[in-house]
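Q: Got a structure for you, questions after.
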Amino acid sequence: VQLQASGGGLVQPGGSLKLSCVASGSISSINVMGWYRQAPDKQRDVVAVISSGGSTYYADSVKGRFTISRDNAQNTAYLQMNSLKPEDTAVYYCNIVSAIGSHYWGQGTLVTVSS
């Protein structure tokens, strides 16, 4: 199973970015899809997750600004990030949990929020 994340880049404070994560390979069913982030010298933390049924969870720091969505037919997760702040700067990783509980991680995409 491979996860390909894309969409990161440099954006000014207040700007927007949309991340995408495509899962491919031998995976029969995806349960949870999520986004995590890791800033320099900090631990990796959850940003948002979405279940196969569409239930979502957001970290308090991104509520109201970020939106997670998924396309089950395409095995793709998205993270729409609005009103970006410098503290959102991090490497963003996508994660999936298969129906049998296996975890997979993408390679990460760097988001830099700076003027």
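Each position in the sequence shown, counted from 1, maps to that position plus 762 in this note's numbering. We put the CB at the ideal spot given by N, CA and C, even for glycine.
1. Which residue marks the beginning of the beta strand (DSSP E) containing ILE789, and which one marks its end?
2. With a CB to CB cut of under 6 Å and the five nearest residues on each side skipped, what residues in its chain are close to TYR796?
3. Output the distance between the C-alpha atoms of SER778 and LYS825, rounded to the nearest integer angstrom.
4. Contact between the region 766-774 and the region 813-824 is defined here as three or more beta-carbon pairs at a separation below 8 Å; is this criterion met?
5. Would you identify the three-state DSSP class for GLN764, choosing helix, strand or coil?
A: According to the data block:
1. Note, ILE789: premise wrong, no beta strand (DSSP E); not H, not E.
2. At residue 796 the sequence reads Gly, which differs from the Tyr that was named. Excluding positions up to five away in sequence, the list reads VAL811 and ASN857.
3. 15 Å
4. No, because fewer than three Cβ pairs between the region 766-774 and the region 813-824 fall closer than 8 Å, the two stretches do not touch.
5. strand
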